[in-house]
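Engineer:
In the UniProt record's numbering, the protein residues as written are 1 to 518.
1. Would you mind reading off the limits of the beta strand (DSSP E) that contains residue 132?
2. Distance, Cα to Cα, residue 153 vs residue 98?
3. Using beta-carbon positions only, say whether residue 285 and residue 301 come within less than 8 Å of one another.
4. Assign residue 266 to one of three DSSP states: helix, strand, or coil.
5. Could you check the C-alpha separation between residue 316 and residue 456 for me, to the nearest Å?
6. Just the C-alpha distance for residue 500 and residue 451, rounded to the nearest angstrom, thanks.
7. Let me make sure I understand the geometry here. Which of 249, 495 and 141 has the alpha-carbon closest to that of residue 470?
8. Report the residue from 166, 156, 158 and 197 whose alpha carbon sits nearest the alpha carbon of residue 173.
9. By Cβ distance, which residues of its chain are closer than 7 Å to residue 512, with the 5 residues on each side in sequence left out?
10. Is residue 48 near the ligand SAH, going by C-beta to nearest heavy atom under 7 Å?
11. Could you give the first and the last residue of the continuous beta strand (DSSP E) run that contains residue 78?
12. Residues in its own chain within less than 7 Å of residue 159 by CB, not counting five upstream and five downstream?
13. What ranges does the alpha helix (DSSP H) occupy inside the region 209 to 275, keeping only unbroken runs of at least 4 residues that lie completely in it?
14. Which whole-angstrom value is the C-beta distance of residue 88 and residue 54, which I expect to be below 8 Å?
15. Nearest CA to the CA of residue 223: which residue from 157, 217 and 190?
16. Just checking my contact of residue 295 with residue 323 at CB under 8 Å: how many whole Å lie between their CB atoms?
17. Given that a residue counts as buried once 16 or more other Cβ atoms are within 10 Å of its Cβ, and exposed if not, what is residue 442?
18. For residue 203 and residue 183, I'd like the C-alpha separation in whole angstroms.
19. If you measure from the beta carbon of residue 66 to each beta carbon in chain D, is any gap under 8 Å?
20. Quick check: what's the CA-CA separation for residue 413 versus residue 462?
21. Under three-state DSSP, which class holds residue 63?
22. Is the beta carbon of residue 379 sitting closer than 8 Å to the one on residue 72?
23. Can the beta-carbon of residue 240 be found closer than 8 Å to that of residue 33?
24. Report the start-end ranges of each beta strand (DSSP E) in the region 358 to 427 that is 3 residues or longer and not cut off at the edges.
25. Are there three or more Cβ pairs, one per stretch, closer than 8 Å when the region 478 to 496 is compared with the region 302 to 309?
26. Please report the straight-line C-alpha distance between residue 232 and residue 209, rounded to a whole angstrom.
27. Among residues of its own chain, excluding the 5 on either side of residue 230, which ones have a beta-carbon nearer than 8 Å to its beta-carbon?
28. Going by DSSP in three states, residue 445 sits in which element: helix, strand or coil?
29. Does the structure place the region 267 to 285 close enough to the region 61 to 78 that three or more beta carbon pairs sit under 8 Å?
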């Protein structure tokens with residue numbers, strides 16, 4: 001170094017050397033990712049994959065999920081099992097998709113007629129939903145190219161590798177991992193974004209063995225097994241999706257077909273009609289109180305409503321639902337009732353309709369208030385398990401089907417279904433009013449939900465059980481209210497709802513798969 005060099009000159013030289021070193025490191029890192037990506041791209045078809053115009057994916061998928069149990073002895077929740085028959089067609093050139101899914105619930109708290117269908121089309125920048133029960137379709141702004149397939153395209157590894165190759169600058173090599181004894185390069189993609197994911201690519205074959213993604217606060221692992229090649233493109237015959245706690249999806253029958261999609265699949269069913277009459281939902285954003293009849297008050301908001309019946313010296317209440325434990329919505333409803341009526345009458349009895357814990361959310365507040373619980377004997381253990389502290393026997397009133405309480409002003413009717421083997425419905429003989437929980441209702445100003453969706457299909461079956469019970473007992477009912485719905489239904493509304501039907505499961509499946517060809 002020249003002794004006459006200034007300090008600034010020496011700093012500049014050091015800065016240049018440091019930058020050259022960093023550039024060399026970045027170049028080396030980019031070369032490492034490129035080598036892994038090129039190996040994967042070649043393993044999955046190379047130019048054939050990059051030039052792919054369209055594909056069809058078909059599958060039978062087992063879906064494991066946790067939901068409410070059908071009987072109290074099972075505990076609050078159990079594992080349910082759905083079978084999905086899936087057909088997805090993607091036009092990669094024109095950005096079109098058709099997604100078809102037939103859902104059959106195999107294990108759970110459902111009635112026997114349990115097949116529903118989903119049919120979405122995105123074509124010419126328009127999204128459509130097709131209802132094969134009503135043989136109608138609707139234009140749906142929320143259906144776009146990215147979401148029309150309900151996320152199934154994101155689990156197709158040829159498309160994962162294709163996108164990886166096209167956006168390789170977003171990838172970073174992290175580590176070497178071993179799966180079934182084989183070394184895998186671990187790549188992190190889209191680091192720090194909502195679309196971040198991690199790939200495990202086998203060093204010897206270039207196959208994608210595993211993908212990690214975060215969803216709803218949990219890391220999901222997608223394990224791809226039994227790779228095979230067709231038309232020069234590779235995919236896995238088997239897929240397991242799981243978290244650290246449980247399996248979610250499993251398939252052993254994945255099939256992919258390339259560049260064979262027919263234009264016909266993007267057609268709306270020609271025999272179906274456009275449905276422009278989208279039901280208008282009731283505004284449920286604010287807590288409301290309505291006096292449905294003398295001394296009968298219906299209070300709530302959103303998806304939770306309580307009924308308070310003034311029986312003289314005290315109230316009887318029902319409905320304490322919320323999706324969070326220990327909600328204060330029942331207490332809010334009582335305070336609104338007392339403020340509006342300018343009375344401090346207390347609640348002496350509260351009806352616990354069934355064993356599902358979301359309908360017990362406010363029970364700790366009910367107990368603190370001093371009310372006794374009225375319920376089926378079979379549900380007492382479920383309630384004790386849910387409460388902060390188990391109650392003494394004297395705080396419970398166990399009832400049987402058709403029993404009267406409150407000086408015969410209220411009759412309690414057990415309406416058993418697969419959803420809940422015991423479900424107490426409140427009947428007010430004088431007011432000719434029914435209050436139910438998890439039976440049936442509508443959140444629309446007029447009209448009803450389609451049967452062709454979960455859990456709607458099952459609620460229509462629960463409604464049939466309720467109407468059968470009412471007819472058998474010879475009860476006269478003018479109004480129906482539900483703990484989940486703001487709308488009060490008349491007998492005419494119920495009669496109309498009972499006329500809505502779906503075809504048999506076999507016919508519904510045929511419509512789903514072949515309606516575009518009719």
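No residue lacks a Cβ here, since even glycine has one placed at the ideal position from N, Cα and C.
Structural biologist: Reading it off the structure:
1. Translated into the one-based positions of the chain shown, residue 132 becomes position 132. Membership of residue 132 in any beta strand (DSSP E) is not indicated, and neither H nor E is assigned to it by DSSP.
2. By 1-based counting over the chain shown, the position of residue 153 is 153. By 1-based counting over the chain shown, the position of residue 98 is 98. Rounded to the nearest angstrom, the two C-alpha atoms are 11 Å apart.
3. Counting from 1 along the chain shown, the entry for residue 285 is found at position 285. Counting from 1 along the chain shown, the entry for residue 301 is found at position 301. Yes, these two residues count as a Cβ contact at 8 Å.
4. Walking along the chain shown from the start, residue 266 turns up at place 266. DSSP places residue 266 in the helix class (H, G or I) of the three-state scheme.
5. The residue you call residue 316 lines up with position 316 of the chain shown. The residue you call residue 456 lines up with position 456 of the chain shown. Spanning the two alpha carbons is a distance of roughly 29 Å.
6. Numbered from its first residue, the chain shown carries residue 500 at position 500. Numbered from its first residue, the chain shown carries residue 451 at position 451. Taking the straight line joining both Cα atoms gives about 8 Å.
7. Position 470 of the chain shown, counted from the start, is the residue given in the question as residue 470. Comparing Cα-Cα distances from residue 470 to each of 249, 495 and 141, the minimum goes to 495.
8. The residue you call residue 173 lines up with position 173 of the chain shown. It is 197.
9. Working through the chain shown from its first residue, we reach residue 512 at position 512. Same-chain partners within the cutoff: 100, 102, 117, 119 and 132.
10. Although the ligand SAH was asked about, the structure shown includes no ligands whatsoever.
11. Translated into the one-based positions of the chain shown, residue 78 becomes position 78. Its beta strand (DSSP E) spans residues 77 to 91.
12. Here residue 159 corresponds to residue number 159 of the chain shown, with the count starting at 1. The residues are 153.
13. None, since the region 209 to 275 contains no complete alpha helix (DSSP H) of that length.
14. By one-based count along the chain shown, residue 88 stands at place 88. By one-based count along the chain shown, residue 54 stands at place 54. With 8 Å as the limit, residue 88 and residue 54 do not qualify as a contact, their Cβ atoms being about 11 Å apart.
15. The sequence position of residue 223 within the chain shown is 223, counting from 1. That would be 157, whose Cα lies nearest to the Cα of residue 223.
16. For this step, residue 295 is matched to residue 295 along the chain shown. For this step, residue 323 is matched to residue 323 along the chain shown. Between residue 323 and residue 295 the Cβ distance is about 30 Å, and since that is not below 8 Å, they are no contact.
17. On the chain shown, position 442 is the one that residue 442 refers to. Classification for residue 442: buried.
18. Within the chain shown, numbered from 1, the residue matching residue 203 stands at position 203. Within the chain shown, numbered from 1, the residue matching residue 183 stands at position 183. Computed Cα separation, rounded: 6 Å.
19. This model lacks chain D altogether, as it is built from one protein chain only.
20. Here the question's residue 413 lines up with position 413 in the chain shown. Here the question's residue 462 lines up with position 462 in the chain shown. Roughly 14 Å separates the two Cα atoms.
21. In the chain shown, the residue the question calls residue 63 occupies position 63. Correct three-state label for residue 63: strand.
22. The residue given as residue 379 occupies position 379 in the chain shown. The residue given as residue 72 occupies position 72 in the chain shown. Taking 8 Å as the Cβ cut-off, residue 379 and residue 72 qualify as a contacting pair.
23. Translated into positions along the chain shown, residue 240 becomes position 240. Translated into positions along the chain shown, residue 33 becomes position 33. No; because the gap between Cβ atoms is not below 8 Å, this pair is not in contact.
24. 372 to 376, 396 to 399, 403 to 405 and 410 to 414
25. yes
26. On the chain shown, residue 232 is found 232 positions in, with the first residue counted as 1. On the chain shown, residue 209 is found 209 positions in, with the first residue counted as 1. The straight-line gap separating the alpha-carbon atoms of residue 232 and residue 209 is approximately 19 Å.
27. The sequence position of residue 230 within the chain shown is 230, counting from 1. Around residue 230: 256, 257 and 258.
28. Position 445 of the chain shown, counted from the first residue, corresponds to residue 445. Three-state DSSP puts residue 445 in coil, outside helix and strand.
29. no
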